[in-house]
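Quick note on this note's numbering: the sequence shown kicks off at 240 and runs consecutively.
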Amino acid sequence: MQNFKKISENIYYLQEIKEKDYPNMGYIKGDKFSIMIDGGASHKQVDIFKKAVKEKGFSYPKVSVITHWHWDHTYGMSSLLTNTIVHSKTQEKLEEMSKWSWTLEDMNKRLQSGEDIEFAHENILKEFDDLSDIKILKGDIVFNDKLSIDLGNLEVEIFHTEAPHSDDSVLIFIPNEKVLFLGDCVSKDYYNNMSHDKDKIKLLIENIKDIDFKIGILGHNKPIEKDDLMKILYSFVN
Ligand SMILES: [Zn+2]
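Structure, rendered in structure tokens:
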């Protein structure tokens, strides 16, 4: 049984599981309602999240904010029972994937055509014992530039950024607690020959360097202090 780890007064996260490619999932505890970050890789990861919410005695989130379209952040969406907020580019990919058929034969075809990649393909096969369990939903609320949510005690700022990992990268900033959720946005682009585009990294740096956050939460790593994160980003472009 995996429990929440506390980041700040009202922010918790469920820790990633490397072998399964499960990402960190966030929980932001609001007075009016709570929100979660990311949709999880599958119903199995979402079940772990639901148990962690229950174990704390917290209210189940009403809204989930999706950081980007990759399977490990979205294939749990159909089990969430929340409304989901997605960027318009994430929505385009979700729409495309919602039409995919889930037989090994069709998965192999997508691998050959380059629509999917080996890394995701293998992990999806490991995760879903029954491929017919895969149901990909589109988001409920779609935005282009930015959006804010008032949780009563907290303001949550959601915005799109250019980033090397994917074109639909969404960041979530909670000013009161100085926490920034970044998804996988600092990583390489697995769907584009592992490119790590310096121009996109520079744009990402521009977009976050003035944000007053203390802790950054990445998709697949331990929480990181802003100074350390910025040093890593600058080292990529220098
Ligand atoms: Zn990703």
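Don't be surprised by glycine CBs; every beta carbon is placed ideally from N, CA and C.
- DSSP, reduced to helix, strand and coil, places S303 within a strand of the structure shown.
- Cβ neighbours of K437 within its own chain (closer than 6 angstroms, five residues either side excluded): V476.
- About 13 angstroms separates the beta carbon of T306 from that of I267, a gap too long to meet the 8 angstroms contact definition.
- A distance below 6 angstroms between beta-carbons, with the five flanking residues on each side excluded, links P300 to the following residues of its chain, in chain order: S273, I274, M275 and T321.
- In this chain, the alpha helix (DSSP H) harbouring I363 covers E357 to E366.
- Between the C-alpha atoms of K385 and E396 there is a straight-line separation of about 7 angstroms.
- Excluding residues up to 5 positions away in sequence, W308 lie with their Cβ nearer than 6 angstroms to the Cβ of K332 in the same chain.
- For H326 against M346, the beta-carbon gap comes to about 26 angstroms, at or over 8 angstroms, which does not count as contact.
- Put simply, of S318, E335, K328 and D389 the residue whose alpha carbon is nearest the alpha carbon of D372 is S318.
- Selection around ligand 1 by beta-carbon proximity, strictly under 5 angstroms to any non-hydrogen atom, yields H309 and D423 in chain order.
- Burial check for D466: the Cβ neighbour count within 10 Å stays below 16, so the residue is exposed.
- Among the bridge pairs identified by DSSP, D389 is matched with E394.
- L457 carries a strand assignment under DSSP once its states are collapsed to helix, strand and coil.
- Less than 8 angstroms divides the Cβ of F288 from the Cβ of L253.
- Cβ-Cβ distances below 7 angstroms link V285 to G279, G315, S318 and L319 in the same chain, with the five nearest sequence neighbours on each side left out; the list follows chain order.
- In the DSSP assignment, M275 falls within the unbroken beta strand (DSSP E) covering I274 to I276.
- A straight line joining the alpha-carbon of K441 with that of G458 spans about 20 angstroms.
- Rounded to whole angstroms, K257 and Q330 show a C-alpha spacing of 26 angstroms.
- Between Y261 and the set S337, G422 and E416, the nearest pair of CA atoms involves G422.
- Along the stretch 310-354, the beta strand (DSSP E) occurs as fully enclosed runs of 3 or more residues at 322-326, listed in sequence order.
- Here the alpha carbon of L443 sits roughly 33 angstroms from the alpha carbon of L364.
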